[in-house]
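Residue numbers (our numbering), protein chains in the order written: chain A, 1 to 169; chain B, 170 to 596.
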């Protein structure tokens with residue numbers, strides 16, 4: 001996992017919940033089909049216009065809702081990191097556990113216009129808007145969570161530690 | 170803030186911590202052991218679990234597997250997923266395995282079984298695991314990949330958040346229910362991501378365990394980490410002859426300081442409603458809503474599929490009929506609740522009024538089955554969420570209220586104040 005992530009910004013508002021990121025229809029679709037419905041209710045068609053490596057910028061309380069694998073849908077769409085004004089705790093856990101970096105900065109939305117090229121330095125806790133030249137510090141994730149992200153998620157760590165079967169149920 | 174004064178949440182985290190530290194404070198990360206683990210049917214839809222199941226459980230006597238979200242399987246994908254979870258239950262040697270018809274919704278069932286005990290931490294994937302906070306203990310949603318880790322190791326981590334104190338005073342006046350109390354405080358306080366709530370106040374002593382559980386369950390909608398109620402006579406009495414083991418209640422240290430304080434007088438709270446798409450800062454008294462016709466009325470979920478909800482619905486529906494332009498779906502949370510409601514006559518009264526009573530399951534709350542909404546439809550529900558698209562179509566609108574308000578709305582065909590049928594303080 002790269003510790004400095006650069007990508008084009010998609011900007012969302014406050015209270016983007018898990019049901020918007022992972023509508024119930026995703027539960028019964030084949031795994032590869034699920035990301036196509038990301039933001040199905042609030043921004044239909046969005047997954048088709050995201051490029052791999054883009055970064056999602058959002059307002060307050062991003063990820064409110066259920067334990068459904070919303071972060072997996074964002075990864076599936078091609079999103080490489082999330083930076084929001086504030087993050088729901090369950091979304092943060094789910095994001096880290098599937099290897100998606102998610103951090104928060106209270107002022108982030110005022111610093112980004114959709115389409116800007118932005119950079120997140122996860123180690124230094126520094127955000128830069130490469131299009132405008134603006135920058136701001138944010139609180140880095142604790143190192144043990146960065147280790148999970150670096151490994152590509154908790155499942156990879158468990159596999160390495162020998163806790164999981166390699167044979168499917 | 171004096172570092173060594175601890176609130177209830179901090180005390181439970183500290184007691185479960187693997188570190189030698191004598192205190193915790195906001196911003197700390199604590200690695201903790203868990204007292205029980207619950208895995209749900211929905212895990213069968215997670216490829217990471219199906220493809221790489223745990224070799225063994227850290228302690229199989231502490232692991233329960235419960236089928237609640239899509240019970241019974243509404244489609245072939247769930248049927249296949251649950252068939253694999255049954256294999257897992259067998260492989261891990263899990264005794265506490267509850268197939269369709271044997272448990273109902275995990276949060277309500279865990280309370281009935283005496284698993285929710287003061288001082289404990291329970292790991293469960295579901296986001297409404299915070300329901301357990303009514304029992305003077307901690308739980309929160311973890312997600313399925315993380316639950317694999319917990320099943321393997323018996324451990325997880327939490328970031329210690331700032332804690333706010335919410336004081337509940339007075340007692341609710343009929344026809345107000347605890348859902349209304351929650352909607353009032355959600356409307357005024359708003360979201361508290363990464364923070365905790367501790368409830369206090371003399372009003373709590375007047376609240377049943379069902380009423381407290383509604384509030385603690387719904388705190389998930391405020392985006393908090395944990396919510397917790399104090400230990401008192403009501404909880405002690407609930408646990409008598411039910412607790413599966415010895416337990417150790419927690420109380421906040423005297424003079425513990427909280428990051429903010431809120432206070433509500435429950436006597437002043439009328440029947441409330443959350444408007445569509447979000448709960449926090451989006452609620453108002455039912456009496457101020459105006460005429461909103463409803464296509465579907467739902468009573469159920471981990472929050473409000475409880476015996477008191479069915480009682481409340483039956484009291485309003487008895488001798489009346491569901492309006493011809495709407496439909497009523499009632500989903501008890503557990504078989505025990507269903508059985509008690511039948512014994513007490515509530516099921517018959519709901520059916521006689523034209524309501525449909527389903528088997529215990531999370532059901533339509535999460536839009537999985539048992540009452541999906543069509544484009545352009547409007548629902549009123551006493552379940553847990555009103556997010557856009559939650560119960561089916563993204564073009565549907567979901568209002569959220571107490572079970573009494575839902576029952577009153579079912580009779581009227583529009584969002585109606587239960588005071589119209591029950592009189593009381595706000596009529």
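All C-beta atoms in this analysis are idealised placements derived from N, C-alpha and C, irrespective of residue type, glycine included.
Q: Quick one: grab the DSSP three-state call for residue 22 of chain A.
A: coil
**Q.** N-terminal and C-terminal residue of the alpha helix (DSSP H) that residue 378 of chain B is part of
**A.** 378-387
**Q.** Proximity winner among B:188, B:189, B:187 and B:193, relative to residue 179 of chain B (alpha-carbon distances)
**A.** B:193
Q) Listed in chain order, which residues of the segment 43-64 of chain A have Cβ atoms closer than 9 angstroms to some Cβ of chain D? A) Any reference to chain D falls outside this structure, whose protein chains are A and B.
(Q) If I follow the unbroken alpha helix (DSSP H) through residue 177 of chain B, where does it start and stop? (A) 177-185
Q: Say whether chain A places a C-beta atom closer than 8 angstroms to the C-beta of residue 257 of chain B.
A: yes
Q: Taking only the alpha-carbon atoms, compute the straight-line gap between residue 60 of chain A and residue 13 of chain A and give it to the nearest angstrom.
A: 7 angstroms
Q.
Less than 8 angstroms between the C-beta atoms of residue 177 of chain B and residue 419 of chain B, yes or no?
A. yes
Q) Exposed or buried, what is residue 587 of chain B when buried is set at 16 or more other beta-carbons lying within 10 Å of its beta-carbon? A) buried
Q: Quickly, what does DSSP pair residue 465 of chain B with across the bridge? List them, please.
A: B:496 and B:548
Q. Within 10 angstroms of its Cβ, does residue 147 of chain A collect 16 or more other Cβ (buried), or is it exposed?
A. exposed
Q) When the Cα atoms are used, what is the spatial distance from residue 131 of chain A to residue 117 of chain A? A) 5 angstroms
Q. To the nearest whole angstrom, what separates the beta carbons of residue 523 of chain B and residue 497 of chain B, a pair I think is in contact under 8 angstroms?
A. 7 angstroms
Q) For residue 37 of chain A, which of helix, strand or coil comes out of DSSP? A) helix
Q. Can you list, in chain order, the residues of its chain whose CB lies under 6 angstroms from that of residue 516 of chain B, leaving out five sequence neighbours each side?
A. 510 and 526
Q. Can you find a CB in chain A that lies within less than 8 angstroms of the CB of residue 309 of chain B?
A. yes
Q) Which value, in whole angstroms, describes the spacing of the CA atoms of residue 355 of chain B and residue 120 of chain A? A) 33 angstroms
Q. Between the segment 530-548 of chain B and chain A, which residues of the former have CB atoms less than 9 angstroms from a CB of the latter, in chain order?
A. 535, 536, 537 and 541
**Q.** Extent of the continuous beta strand (DSSP E) run through residue 431 of chain B
**A.** 429-434
Q: Using a Cβ cut-off of 8 angstroms (strictly closer), state whether residue 215 of chain B contacts chain A.
A: yes
**Q.** residue 46 of chain A - containing alpha helix (DSSP H), residue span
**A.** 46-49
Q. Considering residue 566 of chain B, what are the terminal residues of the beta strand (DSSP E) in which it resides?
A. 566-570
Q) residue 251 of chain B lies in the beta strand (DSSP E); which residues open and close that run? A) Counting along the chain, residue 251 of chain B falls outside any beta strand (DSSP E), though it belongs to the alpha helix (DSSP H) covering 245-261.
Q) In the DSSP assignment, what residue or residues form a beta bridge with residue 135 of chain A? A) A:128
**Q.** Three-state secondary structure (DSSP) of residue 79 of chain A
**A.** coil
Q. If we call anything under 8 angstroms between Cβ atoms a contact, is residue 108 of chain A one with residue 83 of chain A?
A. yes
Q: Out of B:437, B:323, B:201 and B:474, point me to the one whose CA is closest to residue 502 of chain B's CA.
A: B:474
Q: Can you give me the Cβ contacts of residue 582 of chain B inside the same chain, cut-off strictly under 8 angstroms, excluding the 5 residues immediately before and after it?
A: 462, 463, 492, 493, 494 and 495
(Q) Closest to residue 321 of chain B by C-alpha separation, out of B:521, B:228, B:500 and B:589, would be which residue? (A) B:228
Q: Could you pull the start and end residues of the alpha helix (DSSP H) that residue 402 of chain B belongs to?
A: 402-408
Q.
Rounding to the nearest angstrom, what Cα-Cα distance links residue 304 of chain B and residue 287 of chain B in this structure?
A. 6 angstroms
Q: Using a Cβ-Cβ cut-off of less than 8 angstroms, list which residues of the segment 125-153 of chain A approach chain B; keep chain order.
A: 142, 144 and 153
Q | DSSP bridge partner residues for residue 12 of chain A (one or two, in chain order) | A | Answer is none; residue 12 of chain A lacks a bridge partner.
(Q) I'd like to confirm the pairing. Which residues does DSSP put opposite residue 103 of chain A in its beta bridges? (A) A:83
**Q.** Chain-ordered residues of the segment 333-347 of chain B with a beta carbon less than 8 angstroms from chain A
**A.** none
(Q) Check whether the segment 244-254 of chain B and the segment 339-350 of chain B are in contact - that is, three or more C-beta pairs closer than 8 angstroms. (A) no
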